[in-house]
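The numbering of the sequence shown is the numbering used here, which starts it at 11 and goes up by one. Glycine included, every Cβ here is placed at the ideal spot set by N, Cα and C. Treat the numbers as computed from the prediction; the structure is a model and nothing was measured. First comes the structure, then the notes that go with it.
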Amino acid sequence: MHELALSAYLLESVEEHAREAGALSVVTINLVVGERSCVEDEALRFCFELLSPGTLAEGAQLVLWRVPMRFWCNTCAAAYTPDSESFRCPRCGTVGGVVDDGTDVLIESLEIET
Ligand SMILES: [Zn+2]
Numbered sequence: 011m012h013e014l015a016l017s018a019y020l021l022e023s024v025e026e027h028a029r030e031a032g033a034l035s036v037v038t039i040n041l042v043v044g045e046r047s048c049v050e051d052e053a054l055r056f057c058f059e060l061l062s063p064g065t066l067a068e069g070a071q072l073v074l075w076r077v078p079m080r081f082w083c084n085t086c087a088a089a090y091t092p093d094s095e096s097f098r099c100p101r102c103g104t105v106g107g108v109v110d111d112g113t114d115v116l117i118e119s120l121e122i123e124t
């Protein structure tokens with residue numbers, strides 16, 4: 011189960027950040043989840059609740075922000091989100107470069123109690 015390893019890793023990072031900030035507990039964890047990361051919200055929440063008891067993140071709310079794949083068009087000097095059929099720029103039709111391939115899961119921010 012992909013989400014279990016991911017939760018363990020995220021939880022470790024969250025605790026590290028929280029401890030550095032002198033937190034007593036973590037209230038909210040904002041996660042940025044790429045739409046192509048193959049992470050299921052419910053599975054991630056489930057694993058997180060399984061692993062978090064006894065940690066600073068016990069009872070913390072998990073907020074998932076889905077972010078789409080992003081490309082950059084040099085012709086238009088603008089970022090765009092391609093549709094699923096082509097990776098072309100919606101303005102000029104050029105195939106741009108990948109800025110964010112949408113497969114990452116990152117901790118965007120934490121709300122903590124000190
Ligand atoms: Zn363009």
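Quick one: give me the first and last residue of the beta strand (DSSP E) that residue i is part of.
i, result
"residue 57", "Careful: residue 57 lies outside any beta strand (DSSP E), inside the alpha helix (DSSP H) at 51-61."
"residue 34", "Looking at the DSSP string, residue 34 is not in any beta strand (DSSP E), and its letter there is neither H nor E."
"residue 95", "Looking at the DSSP string, residue 95 is not in any beta strand (DSSP E), and its letter there is neither H nor E."
"residue 115", "115-123"
Relative to ligand 1, is the shortest distance from any of its heavy atoms to the C-beta of residue i smaller than 7 Å?
i, result
"residue 38", "no"
"residue 80", "no"
"residue 85", "yes"
"residue 104", "yes"
"residue 57", "no"
Return the bridge partner residues of residue i from the DSSP annotation.
i, result
"residue 83", "88"
"residue 110", "80"
"residue 44", "77"
"residue 24", "Paired residues: none, contrary to the question."
Indicate whether the contact test is met: 3 or more Cβ pairs, each with one atom in the region 47-58 and one in the region 84-98, closer than 8 Å. no
Between the region 75-87 and the region 33-48, do three or more beta carbon pairs fall short of 8 Å? yes
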